[in-house]
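To start, the structure under review is shown below, and the notes come after it.
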Amino acid sequence: MGVDWTKLPPELLESIAENVKIYADYIRFRAVCRSWRSSIPKIPFRLPPQLPWLMLPPSQSHGAFYDLSTNKVRFLSLPESSNPTQRHCGSSHGWLIILDESPSILLLNPFSRANLLLPPLSTFPNVDSFNYSDIGKEYSLRSPSGGRYTRNLRQMRDSFIKKIVLSANPSKDLHFVAIAILNQTGELAYCKNGDESWRFIEDAQSYSQDVIYCKGLCYAVDKQGGIVICDVRHESPRVSFIETPRQLMGDMQYLVNSGDELLLVTRHLDLDFNFEPDQYYLIYRTKRFEVSRLVWRGPHWERVKSLYDKMLFIGENSSLSLSASDFTGCKGNCIYFTDDYSETNYDGAFGEHDIGIYKLWDGSIEPLPCYPRNSFFRLHWPTPLWITPSPC
């Protein structure tokens, strides 16, 4: 006589669910039947760090996500993030940061569809005014030297902010902080949940390559590997500096919190311009990466020859470090990178998106299965970015 799986005891189902480590598996587990779904909480009590999915361009009102572990593209109903005028300027703790041709800055969890607003672009300290009626020059801004200039809606969407990261998941920490890197001035700005405007972190200008949160503090890095540590939990931010020897050279820098270590990933690019009648566009491609770890005594950066089981995920996302052995279909000692180099990619401009898997042991680059790394393959879609599945 066969077993009726729909009548398993709720206690047994709960015990099994507690041992499901992958969020996608948890969703499938609940979807088996109505009795299982009613016995298992919609949101798991605890999940280990999840493998990020690669968010691809939307398909009508659906978001497309590539799952490395299954080599499949998944589609989620996501009308909030399917507007062609939108730009993603970061993902952090499972939330997207979305700009469009308005002052709004939207936080969106594409998996739960929870959303909230950060203070708008018009509230940054260097924005003097915003007026929809001034068509083509809606924003009036002030440069660090005191000069005035204007920007239109699209320019502000595409080039005002480089990246925004969050200190924590907004659904789990009501005291979360958002940190923004400004593109043109290199300044850092922040806001706390509930604030009505952004504030600059004084003395942190030029530390604009990347920023991460680690143990309640914000770490930002400059082009040569210098570090500024910002504590914004107080009324006035407290800033300290880690001066390291300026021997690091590269085109882009990324900070990664990996266990007890702070890693610096240096990205080297080949850059060229391709001129065609009536237009030119930038051609760029990643040549290699170098990884260093911060030695606090000294302090200095020490070159890392192997990541062993670790894999790093970098790009417009908040950088991640995970163990490959925890996930199927993944490789350790690798850097999974996406394209966050140039503004020319926004709004479907020409330019090959520079995406792949860098193998630290031999310096080779392998294409992601969902994206052919072909020098003749030019796309008109937004740059993909990594986002960690989060149920809330």
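The numbering of the sequence shown is full-length UniProt numbering, which starts it at 1 and goes up by one.
Ideal Cβ positions, reconstructed from N, Cα and C, are used throughout, including at glycine.
Helix, strand or coil, according to DSSP, for residue i in the structure here?
i    : result
E290 : strand
T24  : The residue asked about is misnamed: residue 24 is Ala in this sequence, not Thr. It is helical.
K42  : coil
P48  : coil
S318 : coil
I355 : coil
F273 : strand
G348 : For G348, the predicted model reports a pLDDT of 39, less than 50, meaning its position is unreliable; a value from the coordinates is still stated below. G348 falls in the helix class under three-state DSSP.
L117 : strand
R246 : coil
T6   : helix
S61  : coil
S15  : helix
F29  : helix
W53  : strand
T388 : coil
S375 : A caution first: S375 carries a pLDDT of 40, below 50, which makes its placement in the model unreliable, though a value can still be read off. The answer is coil: DSSP assigns S375 none of H, G, I, E or B.
T383 : coil
Please identify the residue among the options whose C-alpha is closest to the C-alpha of residue i.
i    : options                   : result
I365 : F337, P384, P110 and T388 : F337
L307 : I105, L264, T6 and I97    : L264
R246 : E261, G259, W301 and Y139 : W301
W36  : I357, P48, L12 and K305   : L12
R113 : Y139, S77, R154 and P120  : S77
R199 : Q205, M249, L188 and S81  : L188
F313 : R267, R30 and P52         : P52
N257 : R46, E276 and C214        : C214
K223 : V20, H268 and L141        : H268
S171 : H93, P367, N317 and I164  : H93
F124 : Q205, R142 and S206       : R142
R154 : P84, Y207, S321 and G147  : P84
R285 : D210, P367, C334 and Q205 : P367
F111 : Q86, S102 and H62         : H62
Y362 : V73, Q50 and G332         : Tyr is not the amino acid found at residue 362; the sequence shown has Asp there. Of the candidates V73, Q50 and G332, the one whose C-alpha sits nearest the C-alpha of D362 is G332.
L56  : P49, Q50 and A64          : A64
H234 : I242, C218, F241 and L248 : C218
L320 : D210, N152 and D128       : D210
D260 : C330, L322 and G194       : L322
For residue i and residue j, what's the separation of their Cα atoms in angstroms?
i    : j    : result
F75  : T244 : 45 angstroms
N183 : V177 : 19 angstroms
A168 : G216 : 9 angstroms
D340 : L118 : 22 angstroms
N345 : G298 : The predicted model places N345 with a pLDDT of 44, which falls under 50 and marks its position as unreliable; any figure quoted below should be read in that light. For N345 and G298, the distance between alpha carbons rounds to 40 angstroms.
I105 : S122 : 10 angstroms
H88  : W296 : 34 angstroms
M252 : T6   : 53 angstroms
T388 : D354 : 20 angstroms
L8   : T328 : 29 angstroms
S375 : P44  : Legend: pLDDT at S375 = 40, less than 50; position of this residue unreliable, value from coordinates given subsequently. Cα to Cα, the separation comes out at about 43 angstroms.
I16  : P10  : 10 angstroms
L96  : V3   : 43 angstroms
Y132 : W386 : 33 angstroms
P79  : R157 : 19 angstroms
L271 : S81  : 31 angstroms
D203 : G186 : 11 angstroms
Y190 : G226 : 20 angstroms
N71  : A220 : 34 angstroms
E326 : G90  : Note that residue 326 is Asp in the sequence shown here, rather than Glu. If you take the alpha carbons of D326 and G90, they lie about 25 angstroms apart.
P237 : S318 : 21 angstroms
N109 : I98  : 11 angstroms
F350 : G250 : Here the model assigns F350 a pLDDT of 46, short of 50, so the residue's position is not dependable, and the following value carries that caveat. The straight-line gap from Cα to Cα measures roughly 24 angstroms.
L294 : R303 : 9 angstroms
C334 : C370 : 17 angstroms
N274 : Y149 : 30 angstroms
Y254 : E196 : 29 angstroms
H380 : G136 : With a pLDDT of 45 at H380, under the threshold of 50, the modelled position of this residue cannot be trusted; read the value that follows with caution. Those two C-alpha atoms are separated by around 24 angstroms.
Y207 : I201 : 11 angstroms
From the DSSP output, read off the bridge partner residues of residue i.
i    : result
W301 : L294
E80  : Note: E80 sits in no beta bridge, so no partner.
V73  : Y66
K310 : S323
S240 : I229
V256 : L263
S91  : L96 and N317
F337 : I314 and G356
E366 : I357
R285 : D270
### Query
What beta strand (DSSP E) runs, 3 residues minimum, are completely inside the stretch 203-236?
If we require 3 residues or more, the beta strand (DSSP E) runs fully inside the stretch 203-236 come out as 210-214, 217-221 and 227-231.
### Task
Tell me the start and end of each unbroken beta strand (DSSP E) in the stretch 122-201 that is at least 3 residues and wholly inside, in chain order.
Runs found: 127-130, 139-142, 148-151, 161-166, 177-182 and 188-192.
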